[in-house]
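Step one of this worksheet: look at the structure below.
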Amino acid sequence: KVDQENNQSITQEHFGNWLNLWFETIDEHFEGEYALKAKQKARKMSTFLYLNIFQSRQ
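Residue numbers (full-length UniProt numbering): 1 to 58.
Structure (structure tokens):
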């Protein structure tokens with residue numbers, strides 16, 4: 001719905017920017033296994049959301 005309301009303008013670059021900001025925040029506040037797991041979950045979430053947006057456009 002958000003993508004539709006923005007004329008399908010959400011791109012893979014937006015997700016890349018979000019991941020970079022998330023990783024910077026994680027690195028500022030956490031380290032070790034907890035930080036790695038948070039980053040892995042963010043990667044999965046980003047991929048899942050982007051694929052769903054891409055599929056909904058077809």
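Where is the CB? At the ideal position from N, CA and C, for every residue including glycine.
Hey, residue 15 and residue 46: beta-carbon distance below 8 angstroms or not? For the purposes of this step, residue 15 is taken as the residue at position 15 of the sequence shown. For the purposes of this step, residue 46 is taken as the residue at position 46 of the sequence shown. Cβ distance < 8 angstroms, so residue 15 and residue 46 count as in contact.
Would DSSP call residue 52 helix, strand or coil? Numbered from 1 along the sequence shown, position 52 holds the residue referred to as residue 52. Here residue 52 sits in helix by DSSP.
For residue 26, the first and last residue of its enclosing alpha helix (DSSP H): On the sequence shown, residue 26 is found 26 positions in, with the first residue counted as 1. Run containing residue 26: 12 to 29, per the alpha helix (DSSP H) assignment.
Alpha carbon to alpha carbon, how far is residue 51 from residue 29? Give it in angstroms, no decimals. Taking the sequence shown and counting its residues from 1, the one referred to as residue 29 is at position 29. Taking the sequence shown and counting its residues from 1, the one referred to as residue 51 is at position 51. Residue 29 and residue 51: Cα-Cα distance of roughly 29 angstroms.
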